[in-house]
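S.K.:
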Amino acid sequence: MMDSLTLPALARAAGTVRLPGSKSISNRMLLLAALAEGTTEIRDLLDSDDTRVMLAALAKVGVGVTALGGNAWRVEGCKGVFPVKDADLFMGNAGTAIRPLTAALALSGGRYRLSGVPRMHERPIGDLVDGLLQIGADVRYTGNPGFPPLAIHPAQVKLAAPIRLRGDVSSQFLTALLMALPLTGEGAVIEMTTELISRPYVEITLNLMARFGVEVRREGWQRFTIPAGRRYRSPGVLHVEGDASAASYFLAAGAIGGGPVRVEGVGSSSIQGDVRFADALQAMGARIEWGENFIEAGAPVVGKAPGKLRAFDLDLNHIPDAAMTLAVAALFADGRCVLRNIASWRVKETDRIAAMATELRKLGATVEEGADYLAVSPLPTFKAGVAIDTYDDHRMAMCFSLAALGGVPVTINDPQCVSKTFPDYFDALAEITAPVIAIDGPSASGKGTVAERVAAALGYHYLDSGSLYRLTALAALRAGVALDDEAGVAALAMSLPATFAGGRILLGDDDVTDAIRTEEVSVGASKVAALPAVRGALLARQRAYRRFPGLVADGRDMSSVVFPAAAAKVFLTASAGARAERRYKQLIAKGMPANMHALLHDLQERDARDAQRSVAPLRQCDDADRVDTTAMDIEAAVAAVMAIVRRQPL
Ligand code: DC
């Protein structure tokens, strides 16, 4: 367990993030699939604390849930009758699990006890219990009235009058009742007695219920009618879309840190209300682009330079979770920002209004906190060396990671709280923000040695991309896959069991540090590197090396393809004569035979081939700095690259 994580000062954000599955959709789909008739396969389910809580609870009440690998799950529907009639269920701090399960279990004729972490026992559930009591369910508080833990007993349910329900504390109470009521088989009506908040979440509920065959009639946001005699039926295979709330951190990073940042997995066809966060960013002047399955954000452009975000005063009731991200984005605006109608923040994982105000002030911000609003003034200079407390709230941790874009290192306490919804959050953030130094150049230019030393000097990670092509070739040779079998070699590249540790390179358990340097593998590497599918297969793997505090990456297409938004790009070269001479000296030093004339000839031929090939040709990027090392030794070359790196904002 890590107590804290210090993010380095970050200058910019650009790149693409594939979002994990939506928490709201994952947990609703799991419950609906469990209650349905038939088997459902759910693909791209979120793998996080809150979905594990739901999966564990369903398994405990006898629902068949099976992992199919790759975040796909099979759920054997129980046709509304949970096989296990007596169980203790631990719900952690998962509101999306305890609320709907309470309602479903209360209508299922068993004895169940539901409890959670201490904070869960401070989060209200009284409005839901009141609704259930009106129809004759037997739900009792075993701790404080109005809060979990709860005990559920069998009871005869009667659906005579409409259920009267408050909607102003949490929309999850309505969601819970809506999802559970079809279990009775009778028609039911819910009438809201107070204004319904967070309506887009109810829309997700209605949308998913419809996919399981139950259409709810909605009159405004006032009255909901569930038809009699409709039961849930499995629709077969379902996909969970990406988490729109999680998208907010990356989109905000793009708007603050230049961009463009693209999130994949949500877009114009999304059923999650939190995609409207992009409109709020747009209102701040950010450049937003929508695709069916992506959203992209970049900083406002003034002339050619990235401009400042505009101040806002917005009612954010419709996007309560993503709105937290705006409180941190406000630090980067050109004036005081007001977030209105956010009272529900007070009953979430923590009192988010209080927590947000306290932590923003630590960074030096002026914040005004009201019962249901927050006003945040921009911060010309961020206080350095601040440690942010996260209150066991994943969103606090994710929001405050953006403060590092204020150009100061920021420490996040208890960073693993992100596992509630996004276990790999900081890796994903690093993939769009960690500084990259890309070093391209022709073979034998010394780029490997220089890159490794620059990485050591900066304390950065180091990627020798050539070794990935070499490993791929070696794996193909060993597996008997022909080197021109594009699909076969690409499949190997995709799942290469490669490890880089302490200067050694492993393929599986086998140390292949020397084996990948043989002539046979070098020739093979150059062949497989010409196959587009192989390059594509290695792309995501190479980008995953981009971690905090930064990365030095060497290889011919680092600046152009793999890290086009690198903080610094260097084209390291030397005359063919100088490179041939270096290779000659290396070979002689190793006691190997060498012929200067032949080496020079080979290099010149290879340069010509490399420059002309259609896939990843060797050429200097327009925005790369050229370092000609013909007359330099290694130390001088390292110094020249370091001088370029130091000119960058970080
Ligand atoms: O840098 P190296 O000699 O270890 O590279 C091995 C082969 O892979 C060589 O033919 C160049 C190729 N390569 C590539 O096409 N793209 C990269 N980013 C790195 C190497």
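Heads up: the sequence shown begins at -12 in the working numbering, then just goes up one per residue. Yeah, the Cβ is synthetic: ideal placement off N, Cα and C, and Gly gets one too. None of these values were measured; they are calculated from a predicted model.
1. Between Tyr571, Leu494, Met629, Val405, which lies nearest to Lys10 when the distance is taken from Cα to Cα?
2. Can you look up Cys404 in the DSSP assignment and give me helix, strand or coil?
3. Kindly provide the ranges of any beta strand (DSSP E) runs that are 3 or more residues long and lie completely inside the region 215 to 279, ordered along the chain.
4. Could you check which residue in Ala(-4), Asn14, Glu228 has the C-alpha nearest to that of Pro7?
5. Contact between the region 312 to 329 and the region 358 to 366 is defined here as three or more beta-carbon pairs at a separation below 8 Å; is this criterion met?
6. Quick one: is Gly172 buried, meaning 16 or more other Cβ sit within 10 Å of its Cβ, or exposed?
7. If I'm right that Ala477 touches Leu416 with Cβ under 8 Å, what's the distance once you round it to whole angstroms?
8. Glu356 bridges to which residues according to DSSP?
9. Give the C-beta separation of Glu473 and Ala502 to the nearest angstrom, bearing in mind that I take them to be a contact with Cβ-Cβ under 8 Å.
10. Would you say Ala553 and Val423 are within 7 Å of each other, going by their C-beta atoms?
11. Is the beta carbon of Val203 sitting closer than 7 Å to the one on Leu193?
12. Under 7 Å between the Cβ atoms of Val539 and Tyr447?
13. Have a look at Leu296 and Thr83 and give me their C-alpha separation to the nearest angstrom.
14. What residues in its chain sit with their C-beta under 7 Å from that of His140, if we drop five residues either side in the sequence?
15. May I ask which residues mark the beginning and end of the beta strand (DSSP E) holding Gly113?
16. In three-state DSSP terms, what is Ala74?
17. How about the region 277 to 285 and the region 152 to 167: do they share at least three Cβ pairs that are nearer than 8 Å?
18. Taking three-plus beta-carbon pairs below 8 Å as touching, is the region -7 to 3 in contact with the region 528 to 548?
19. Measuring from the CB of Tyr449, is there a heavy atom of the ligand DC at a distance below 6 Å?
20. Ala390: buried (16+ other C-beta within 10 angstroms of its C-beta) or exposed?
21. Can you list, in chain order, the stretches of the beta strand (DSSP E) that have 3 or more residues and sit fully within the region 287 to 327?
22. Is the beta carbon of Arg491 closer than 7 Å to that of Asp498?
23. From Gly260 to Gln269, what does the alpha carbon distance come to, in whole angstroms?
24. Which word fits Gly489, buried or exposed, when buried means at least 16 other C-beta atoms lie within 10 angstroms of its C-beta?
25. Cα-Cα, which of Tyr188, Gly207, Ala462 is closest to Ile177?
26. In terms of residue numbering, what span does the beta strand (DSSP E) encompassing Lys556 cover?
27. The beta strand (DSSP E) that contains Ser646, what's its start and end?
28. Would you call the region 378 to 392 and the region 562 to 574 in contact, with 3 or more CB pairs under 8 Å?
29. Measuring CB to CB, does Ala421 end up less than 7 Å from Arg533?
30. Can you check whether the CB of Pro410 is closer than 7 Å to the CB of Ala384?
31. Do His381 and Lys349 have their C-beta atoms within less than 7 Å of each other?
32. I'd like the list of long-range same chain contacts for Gly113, defined as Cβ closer than 8 Å, with 5 residues on each side in sequence excluded.
33. What is the DSSP secondary structure of Glu202, reduced to helix, strand or coil?
34. Between the region 52 to 59 and the region 234 to 243, can you find at least three pairs of beta-carbon atoms closer than 8 Å?
35. Per DSSP, what kind of secondary structure is Tyr571 in: helix, strand or coil?
36. Determine the burial state of Met579: buried for a count of at least 16 other Cβ atoms within 10 Å of its Cβ, exposed for fewer.
M.R.: Looking at the atomic coordinates:
1. Position 23 of the sequence shown, counting from 1, holds the residue named residue 10. Residue Val405 holds the alpha-carbon nearest to the alpha-carbon of Lys10 among Tyr571, Leu494, Met629, Val405.
2. The residue labelled residue 404 in the question sits at position 417 within the sequence shown. Reduced to three states, the DSSP call for Cys404 is helix.
3. List check, beta strand (DSSP E) in window: 224 to 226, 245 to 251, 274 to 277.
4. Counted from its first residue, the sequence shown places residue 7 at position 20. Considering only alpha carbons, the answer is Glu228.
5. Judged by Cβ distances under 8 Å, the region 312 to 329 makes contact with the region 358 to 366, as three or more pairs qualify.
6. In the sequence shown, the residue the question calls residue 172 occupies position 185. Gly172 is classed as exposed because its beta carbon has fewer than 16 other beta carbons within 10 Å across all chains shown.
7. Here residue 477 refers to the residue found at position 490 of the sequence shown. Here residue 416 refers to the residue found at position 429 of the sequence shown. Actually they are not in contact, since the Cβ atoms of Ala477 and Leu416 sit about 29 Å apart, beyond 8 Å.
8. Here residue 356 refers to the residue found at position 369 when the sequence shown is read from its first residue. According to DSSP, Glu356 bridges with Leu361.
9. For the purposes of this step, residue 473 is identified with residue 486 of the sequence shown, where counting begins at 1. For the purposes of this step, residue 502 is identified with residue 515 of the sequence shown, where counting begins at 1. Glu473 to Ala502, Cβ: 23 Å. No contact.
10. Against the sequence shown, residue 553 aligns to sequence position 566. Against the sequence shown, residue 423 aligns to sequence position 436. The answer is yes: Cβ separation under 7 Å.
11. As a first step, residue 203 must be located in the sequence shown, where it is residue number 216. As a first step, residue 193 must be located in the sequence shown, where it is residue number 206. In contact: Val203 and Leu193 (Cβ atoms closer than 7 Å).
12. One-based indexing of the sequence shown puts residue 539 at position 552. One-based indexing of the sequence shown puts residue 447 at position 460. Yes, Cβ-Cβ distance for Val539 and Tyr447 is below 7 Å.
13. As a working note, residue 296 is residue 309 in the sequence shown. As a working note, residue 83 is residue 96 in the sequence shown. Roughly 33 Å separates the two Cα atoms.
14. Within the sequence shown, residue 140 is the residue found at index 153, counting from 1. For His140, where only same-chain residues beyond five positions count, the Cβ hits under 7 Å are Arg98, Asp125.
15. Here residue 113 refers to the residue found at position 126 of the sequence shown. Premise fails: Gly113 lies in the alpha helix (DSSP H), 113 to 121, not in any beta strand (DSSP E).
16. Your numbering for residue 74 matches position 87 in the sequence shown. Strand at Ala74.
17. Under the Cβ criterion (8 Å, minimum of three pairs), the region 277 to 285 does not count as touching the region 152 to 167.
18. Counting C-beta pairs closer than 8 Å gives three or more between the region -7 to 3 and the region 528 to 548, which meets the contact rule.
19. Residue mapping note: residue 449 aligns to position 462 of the sequence shown, counting from 1. No, since every heavy atom of the ligand DC falls outside the 6 Å radius drawn around the Cβ of Tyr449.
20. Counted from its first residue, the sequence shown places residue 390 at position 403. Buried, because 16 or more other Cβ atoms sit within 10 Å of the Cβ of Ala390.
21. If only complete runs of 3 or more residues are kept, the region 287 to 327 shows the beta strand (DSSP E) at 300 to 302, 324 to 327, in order along the chain.
22. For the purposes of this step, residue 498 is taken as residue 511 along the sequence shown, with counting starting at 1. For the purposes of this step, residue 491 is taken as residue 504 along the sequence shown, with counting starting at 1. Contact flag set, yes.
23. In the sequence shown, the residue the question calls residue 260 occupies position 273. In the sequence shown, the residue the question calls residue 269 occupies position 282. Taking the straight line joining both Cα atoms gives about 16 Å.
24. One-based indexing of the sequence shown puts residue 489 at position 502. Around the CB of Gly489, fewer than 16 other CB atoms lie within 10 Å, so the residue is classed as exposed.
25. As a working mapping, residue 177 is identified with position 190 in the sequence shown. It is Gly207.
26. What you label residue 556 is simply residue 569 of the sequence shown in a count that begins at 1. From DSSP, the beta strand (DSSP E) with Lys556 extends over 555 to 560.
27. A question about residue 646 goes unanswered here, because the residues of the chain that appear run from -12 up to 637.
28. Contact between the region 378 to 392 and the region 562 to 574 is absent, because fewer than three Cβ pairs lie under 8 Å.
29. Reading the sequence shown from its first residue, position 434 is the one you call residue 421. Reading the sequence shown from its first residue, position 546 is the one you call residue 533. Yes, the pair counts as a contact, with Cβ atoms nearer than the cut-off.
30. In the sequence shown, counting from the first residue as 1, residue 384 sits at position 397. In the sequence shown, counting from the first residue as 1, residue 410 sits at position 423. Cβ atoms of Ala384 and Pro410: not closer than 7 Å.
31. As a first step, residue 381 must be located in the sequence shown, where it is residue number 394. As a first step, residue 349 must be located in the sequence shown, where it is residue number 362. Cβ distance not < 7 Å, so His381 and Lys349 don't count as in contact.
32. As a first step, residue 113 is located in the sequence shown; it is residue number 126 there, counting from the start. Excluding sequence positions up to five before and after Gly113, its CB lies within less than 8 Å of the CB of Pro132, Gly133, Phe134, all in the same chain and listed in chain order.
33. Numbered from its first residue, the sequence shown carries residue 202 at position 215. Glu202: coil per DSSP, three-state reduction.
34. The answer is no - the region 52 to 59 does not touch the region 234 to 243, with fewer than three Cβ pairs under 8 Å.
35. For the purposes of this step, residue 571 is taken as residue 584 along the sequence shown, with counting starting at 1. The DSSP-derived three-state label of Tyr571 is helix.
36. The sequence position of residue 579 within the sequence shown is 592, counting from 1. Exposed, by the Cβ-count rule.
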